[in-house]
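So the structure is just underneath, and the comments pick up after that.
Number of protein chains: 2
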Amino acid sequence: MPMLSSRILTLAQPSLRHHARPLFARRLYSSYTNSSSDNLAKQVPYTSESHPHLQRDSRFKKLTSEDIHYFKSVLPPNSVLEADGVNYTEEDLLPYNQDWFKTYRGNSKVVLKPRTVTEVSDILKYCNNEGLAVVPQGGNTSVCGASVPVFDEIVINTSNMNKIRSFDALSGVVTCDAGCILENLDDYLAERNYMVPLDLGAKGCCQIGGNISTNAGGIRFLRYGSLRGNVLGLEAVLPDGTILDNMSTLRKDNTGYDLKQLLIGAEGTLGMVTGVSLLTPRRLKVINAVLFGLNSFDQVQETFVKAKDKLNEILSAFEFWDEPSLYYGQHLTSKDYRVPLEKKYPFYVLVETRGSHEEHDRQKLEAFIEDLFDQGQIGDGVIAQDVAQFNNLWSIRDSLGESWGGGMPMYKYDLGLPVPVLYKIVENLRERLQHHGVLGPNGPAKHVTGFGHIGDGNLHLGIFAERYDDKLASLIEPYVFEFVEKYNGSVTAEHGLGIKNSTFIGYSKSPAMVNLMRSMKSELDPKGIMNPYKVL
Amino acid sequence: MPMLSSRILTLAQPSLRHHARPLFARRLYSSYTNSSSDNLAKQVPYTSESHPHLQRDSRFKKLTSEDIHYFKSVLPPNSVLEADGVNYTEEDLLPYNQDWFKTYRGNSKVVLKPRTVTEVSDILKYCNNEGLAVVPQGGNTSVCGASVPVFDEIVINTSNMNKIRSFDALSGVVTCDAGCILENLDDYLAERNYMVPLDLGAKGCCQIGGNISTNAGGIRFLRYGSLRGNVLGLEAVLPDGTILDNMSTLRKDNTGYDLKQLLIGAEGTLGMVTGVSLLTPRRLKVINAVLFGLNSFDQVQETFVKAKDKLNEILSAFEFWDEPSLYYGQHLTSKDYRVPLEKKYPFYVLVETRGSHEEHDRQKLEAFIEDLFDQGQIGDGVIAQDVAQFNNLWSIRDSLGESWGGGMPMYKYDLGLPVPVLYKIVENLRERLQHHGVLGPNGPAKHVTGFGHIGDGNLHLGIFAERYDDKLASLIEPYVFEFVEKYNGSVTAEHGLGIKNSTFIGYSKSPAMVNLMRSMKSELDPKGIMNPYKVL
Ligand SMILES: Cc1cc2nc3c(=O)[nH]c(=O)nc-3n(C[C@H](O)[C@H](O)[C@H](O)COP(=O)(O)OP(=O)(O)OC[C@H]3O[C@@H](n4cnc5c(N)ncnc54)[C@H](O)[C@@H]3O)c2cc1C
Ligand SMILES: Cc1cc2nc3c(=O)[nH]c(=O)nc-3n(C[C@H](O)[C@H](O)[C@H](O)COP(=O)(O)OP(=O)(O)OC[C@H]3O[C@@H](n4cnc5c(N)ncnc54)[C@H](O)[C@@H]3O)c2cc1C
Chain A
1 MPMLSSRILT
11 LAQPSLRHHA
21 RPLFARRLYS
31 SYTNSSSDNL
41 AKQVPYTSES
51 HPHLQRDSRF
61 KKLTSEDIHY
71 FKSVLPPNSV
81 LEADGVNYTE
91 EDLLPYNQDW
101 FKTYRGNSKV
111 VLKPRTVTEV
121 SDILKYCNNE
131 GLAVVPQGGN
141 TSVCGASVPV
151 FDEIVINTSN
161 MNKIRSFDAL
171 SGVVTCDAGC
181 ILENLDDYLA
191 ERNYMVPLDL
201 GAKGCCQIGG
211 NISTNAGGIR
221 FLRYGSLRGN
231 VLGLEAVLPD
241 GTILDNMSTL
251 RKDNTGYDLK
261 QLLIGAEGTL
271 GMVTGVSLLT
281 PRRLKVINAV
291 LFGLNSFDQV
301 QETFVKAKDK
311 LNEILSAFEF
321 WDEPSLYYGQ
331 HLTSKDYRVP
341 LEKKYPFYVL
351 VETRGSHEEH
361 DRQKLEAFIE
371 DLFDQGQIGD
381 GVIAQDVAQF
391 NNLWSIRDSL
401 GESWGGGMPM
411 YKYDLGLPVP
421 VLYKIVENLR
431 ERLQHHGVLG
441 PNGPAKHVTG
451 FGHIGDGNLH
461 LGIFAERYDD
471 KLASLIEPYV
481 FEFVEKYNGS
491 VTAEHGLGIK
501 NSTFIGYSKS
511 PAMVNLMRSM
521 KSELDPKGIM
531 NPYKVL
Chain B
1 MPMLSSRILT
11 LAQPSLRHHA
21 RPLFARRLYS
31 SYTNSSSDNL
41 AKQVPYTSES
51 HPHLQRDSRF
61 KKLTSEDIHY
71 FKSVLPPNSV
81 LEADGVNYTE
91 EDLLPYNQDW
101 FKTYRGNSKV
111 VLKPRTVTEV
121 SDILKYCNNE
131 GLAVVPQGGN
141 TSVCGASVPV
151 FDEIVINTSN
161 MNKIRSFDAL
171 SGVVTCDAGC
181 ILENLDDYLA
191 ERNYMVPLDL
201 GAKGCCQIGG
211 NISTNAGGIR
221 FLRYGSLRGN
231 VLGLEAVLPD
241 GTILDNMSTL
251 RKDNTGYDLK
261 QLLIGAEGTL
271 GMVTGVSLLT
281 PRRLKVINAV
291 LFGLNSFDQV
301 QETFVKAKDK
311 LNEILSAFEF
321 WDEPSLYYGQ
331 HLTSKDYRVP
341 LEKKYPFYVL
351 VETRGSHEEH
361 DRQKLEAFIE
371 DLFDQGQIGD
381 GVIAQDVAQF
391 NNLWSIRDSL
401 GESWGGGMPM
411 YKYDLGLPVP
421 VLYKIVENLR
431 ERLQHHGVLG
441 PNGPAKHVTG
451 FGHIGDGNLH
461 LGIFAERYDD
471 KLASLIEPYV
481 FEFVEKYNGS
491 VTAEHGLGIK
501 NSTFIGYSKS
511 PAMVNLMRSM
521 KSELDPKGIM
531 NPYKVL
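Protein sequences appear in the order of chains A and B. When the letters of the first sequence are read in order and numbered with full-length UniProt numbering, they come out as residues 1 to 536. When the letters of the second sequence are read in order and numbered with full-length UniProt numbering, they come out as residues 1 to 536.
Shown next as structure tokens:
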């Protein structure tokens, strides 16, 4: 790739439109089957053991053979996966019991894979009557342990609900089942010159129903905004089996309260999403990506302001990361990439544009880069010239998320903060851990790292460690949350509460807000069967 | 203005950025004080008389002098407007009792004008304890009678809550009181190169709290999407006085259920919004507007598809109207404009672009127009060359909404429909009324008209009449609603339910959905004091 500093600007080809990013997530389930169950049992302790403060709620009934019999009577063959040691073993159920980050492990004995909303309704109605707890599950890529059982909750997995129902090329509205894999949906739309207004590292595996249930953010958020604004309708089932059929394809509909908003981001605790109606934007033909090396977080911020000014309506992503995220994380991932800058920088920024006119976009990008160089704001930079280089730049960015699942003991946070203090927490924490002698070659902490979606005020803070350590943990928490509270930040910007963050909600929400959430929960799910031990 | 057909393209100046649209709405209150109360009493009958099926709920207490005494004790001087015949007359209270479209008229004896969230909390807590019904009121520009009392409900008007609290130039996040007038807020942001992602004909009078409570749509919706995606936080008061302090300035915050969404579009029936945190986009410097005359609704649709293709990221509005909306409505408005086309067309389209680069935008617009001419899709067109011409084009569009308040008896509908059948309802209804001999010079119906935000699938259907007529009414309803139901449309796309549409919710929402709304209502407002007789 040519260095930008040489001022030779070459632009990505329009053919980038169908760029194929390598999909680590595709390997999600196979990674389990490659190992023996013994190894795995050693690897990830049961959540009930690692989180002894969580007690099984005795209100919930234990699964019986009558229950299995009922499920088999309402579901098609091969849709009831029971760990009976005959048809399925516990190992077969491990991919549903254990989370992607290998932090949580439940002990469910049955996985249900319905195909239709009626089947979901039958299941939930039965479970509600019987007092059987359930966990809705999509692609199981949750970062906060939300998608796996804690004890013996029944897993209702949506993988078999994977049909696209309709697409209207005039309005760009697509309707589909909740279990459509994000990438498949995006590919379907790509063929029709549209795209999902959402993209994230786990796209090859996560499902649109899971995305909606976590109100996922990701890298297109900066341009297309929140899912809340793009979801036009939902089909959902309440715990008592009531079907809410609101698959509206209208952009505007002000007939009463917008109930679907309650389900968006509810992490499966209020009901199950079975169908989705989504407004999708045109797929823009001209895509460019530039990687910059920068010397300070101030430069990162200034570059962001410049990007908003100069790239304006074509700016489509603005991601940043620090040196240790990249160079320490690198060996933990399977991503194949090369950092195409001559030396290392404390900070990196990846800027993407999407527009409709090659020449116009090139001129805007040129003006942006010229301006940055003139003001001495960047150390160095490269611009992708073809699909391979474009994919390479995004592989670097994707590797950061993947490194978090790389098997190292790790303290992970997904914080929402005002941009000016977004990186201050990394610096402060680094200093604090150094001061207490727990960071560095002698560990236990190895690196305090930060990366994220700067345009959205979203930092992924990761402390890589040799081992989990009580002293280290006590220096990190509640320190991190107090920092967030001080700046009116969010203890979970996009990943959700799940098991991991549920006890920290008070740092971001007042008691009055939490109380109201609780009354919503008991209104919609009076028996508490939906994804218990999570969120509230 | 040059005709486009001559292929001479001249573009709007960047100075259009601060275009000042004439503001009819500013005249809102003065129109009352110019008439005598006698006249007005004759003009608009009390809602309780025109809607005899509505009965005052006997659970609600009638106002006493103790109540007034209490309100005076918690509010600053001049904030309690009581029609005691001494300080204030009934006429003084008319602007608060009567709606802008002069269709509804309540009979409240007191208007409260709090300044702070604590005052609102004190008021609501008291009213809730005492069983006094209230109506939250912003700019009182509601199209469905939502903002005025039906009987003697206490009006809580937010006009005195009009402070901008903070603005962050890096993120574009503004926080302000609910009573800020939309236009004032937009002017404030304009000075800082940002804008409210919302614009509508009533901007000089409606308030951001009212906009949020109606989930208002308007002409920037096409580009910036729904308020639901742009509101980052709300400060609100529940009926029992509980303050929900959620003035988040974060773009992302997934800590639990998104309670603010319940209040957005709730039309004041669940609580009062007192503060708002809003994500605002950059104000783009280059603005253009083109008016086309077209021969069919098919051409309108084709022009829309072309606009999405060719203008893409710079397309900022796409409005259409039919000939009778314009030429019949014209004499009912005070708008000063000239239609700058040589002859009349059955359809008109107004296309606006907003971008950051004058030359780029001009080229995109040129390509768009060339293409339309090449394909014979347009009859004629003009492009605005300066601020005056730009304002003139928008005045035409604004006049359409204003004509609805022009004093003629009128049947008005705000429908959400799939674009392909958006205009079919106008044609079908016209045919139907003609067939039954009620449309034409002999009336009672004069014209069946349609205009709207085509990009959002939003039609404003208006039947101008000489007089209200039972036969005519029975030919229009439920016909219109059955049409909407058939195409899974919305009986109120952006205006809300209020009094006008509340009985029609069943055409757009299933009984299960309506039931769930009702349980939300009784959960949040168990005594039903918030804006009764509306919405549900
Ligand atoms: C490498 C990697 C990168 C990631 N990057 C991002 C990112 O950039 N931004 C981001 O926001 N997230 C990110 N995530 C997190 C995760 O991918 C998202 O939260 C995703 O939306 C989850 O989708 P899923 O289908 O895997 O849901 P799951 O993990 O299966 O479930 C998530 C939650 O939703 C519930 N749920 C799932 N389906 C349904 C349903 N149909 N009805 C009701 N509830 C349901 C579950 O009970 C659970 O609470 C990343 C994860 C990984 C592994
Ligand atoms: C000429 C004209 C053009 C219009 N064009 C459009 C358009 O293009 N798009 C569109 O969507 N609407 C349009 N409207 C309708 C109207 O302007 C909008 O609904 C607007 O959002 C109402 O704001 P307001 O401040 O006037 O609210 P009000 O009319 O005072 O109140 C509206 C509703 O919100 C409630 N409310 C008001 N403030 C609060 C608060 N602080 N807390 C809780 N509840 C509250 C009221 O009780 C009522 O139910 C138009 C109206 C006119 C007169």
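Backbone N, C-alpha and C define an ideal beta-carbon position, used for all residues, glycine too.
Within the present structure, is the beta-carbon of B/Pro239 separated from the nearest heavy atom of ligand 1 by less than 7 Å?
no
Check whether the stretch 296–316 of chain A and the stretch 332–350 of chain A touch, using three or more Cβ-Cβ pairs below 8 Å as the test.
Touching, yes, given that three or more Cβ pairs across the two stretches are closer than 8 Å.
Secondary structure at B/Asp469, three-state DSSP: helix, strand or coil?
Three-state DSSP puts B/Asp469 in coil, outside helix and strand.
Ligand 2 and B/Met410: does any heavy atom of the ligand fall closer than 7 Å to the residue's C-beta?
Ligand 2 has no heavy atom closer than 7 Å to the beta-carbon of B/Met410.
Which class does B/Gln137 belong to by DSSP, given the choice of helix, strand or coil?
Correct three-state label for B/Gln137: strand.
Going by C-alpha to C-alpha distance, which of A/Leu279, A/Asn254, A/Ser316, A/Leu244 sits closest to A/Ile219?
A/Ser316
Can you tell me which of the three DSSP states B/Cys176 falls into?
strand
Kindly examine ligand 2 and report whether one of its heavy atoms sits closer than 7 Å to the Cβ of B/Ala133.
no
Since I believe B/Ile499 is in contact with B/Gly145 (beta carbons under 8 Å), could you give me their beta-carbon distance rounded to a whole number of angstroms?
That belief holds up - the Cβ atoms of B/Gly145 and B/Ile499 are roughly 4 Å apart, short of 8 Å.
Name, please, each residue of chain D whose Cβ falls closer than 7 Å to the Cβ of B/Val419.
Among the protein chains of the structure shown, namely A and B, there is no chain D.
Please decide whether A/Asn288 counts as near chain B, where near means a Cβ-Cβ distance under 8 Å.
Interface annotation, A/Asn288: not in contact with chain B, CB-CB separation never under 8 Å.
Taking only beta-carbon atoms, is A/Gly241 less than 8 Å away from chain B?
no
Name, please, each residue of chain B whose Cβ falls closer than 7 Å to the Cβ of A/Gly251.
Correcting the residue type first, residue 251 of chain A is Arg in the shown sequence and not Gly. Under the 7 Å cutoff, chain B gives Asp456, Gly457.
Within 8 Å (strictly less), CB to CB, does A/Asp525 reach chain B?
no
Tell me, which residues are paired with A/Thr449 by DSSP?
A/Gly462
For the alpha helix (DSSP H) holding A/Ile212, just list the boundary residues, first then last.
The continuous alpha helix (DSSP H) containing A/Ile212 extends over residues 208–213.
With a threshold of 16 other CB atoms inside 10 Å of the CB of B/Pro136, please say whether the residue is buried or exposed.
When all chains shown are included, B/Pro136 counts as buried.
Is A/Val86 buried or exposed, if buried means 16 or more other CB atoms sit within 10 Å of its CB?
exposed
My understanding is that A/Leu270 touches A/Leu232, with C-beta atoms under 8 Å, so please give their C-beta distance in whole angstroms.
19 Å between Cβ atoms; not a contact.
Going straight from the alpha carbon of A/Ile378 to that of A/Met520, what length do you get?
Roughly 49 Å separates the two Cα atoms.
Using only the heavy atoms of ligand 1, determine whether one of them is closer than 7 Å to the beta carbon of B/Leu200.
no
Okay, do the stretch 418–431 of chain A and the stretch 174–192 of chain B touch, 3+ Cβ pairs below 8 Å being the bar?
no
Please list the segments of the beta strand (DSSP E) lying wholly inside the stretch 77–105 of chain A, counting only runs of 3 or more residues, in order along the chain.
80–82
Which partner residues of B/Ser166 appear in the DSSP bridge assignment?
B/Ser166 pairs with B/Thr175.
Assuming B/Leu234 contacts B/Leu198 under a Cβ cut-off of 8 Å, what Cβ separation, rounded to an integer in Å, is found between them?
No, B/Leu234 and B/Leu198 are not in contact; Cβ-Cβ is about 15 Å, not under 8 Å.
8 Å is my cut-off, CB to CB: does A/Ile314 come that close to chain B?
Yes, its Cβ sits closer than 8 Å to a Cβ of chain B.
Measuring straight from C-alpha to C-alpha, what distance separates A/Val273 and A/Ala236?
4 Å
Let me see if you follow: with CB-CB separation under 8 Å, is residue 563 of chain B close to chain A or not?
Since the displayed chain B opens at 1 and closes at 536, residue 563 of chain B lies outside it and no answer follows.
Assuming B/Ser474 contacts B/Ser490 (C-beta within less than 8 Å), just tell me the rounded distance between them.
At roughly 23 Å, the Cβ-Cβ gap does not stay under 8 Å, so B/Ser474 and B/Ser490 are not in contact.
Work out the CA separation of B/Pro77 and B/Asp122 for me, nearest whole Å.
16 Å
By the DSSP assignment, the alpha helix (DSSP H) with A/Tyr224 in it spans what residues?
221–224
Just grab the DSSP bridge partners of B/Trp321 for me.
B/Tyr348, B/Phe451
Please go through the same chain and pick out, in chain order, the residues whose beta-carbon is closer than 8 Å to the beta-carbon of A/Gln261, but skip the five residues on each side of it.
Arg228
Run the CB neighbour count on A/Gly106, radius 10 Å, all protein chains shown included, and call it buried at 16 or more, exposed below.
buried
Are there three or more Cβ pairs, one per stretch, closer than 8 Å when the stretch 111–129 of chain B is compared with the stretch 510–520 of chain B?
no
Are the stretch 306–322 of chain A and the stretch 451–461 of chain A touching by the rule of at least three beta carbon pairs closer than 8 Å?
Because the criterion of three Cβ pairs below 8 Å is met, the stretch 306–322 of chain A and the stretch 451–461 of chain A touch.
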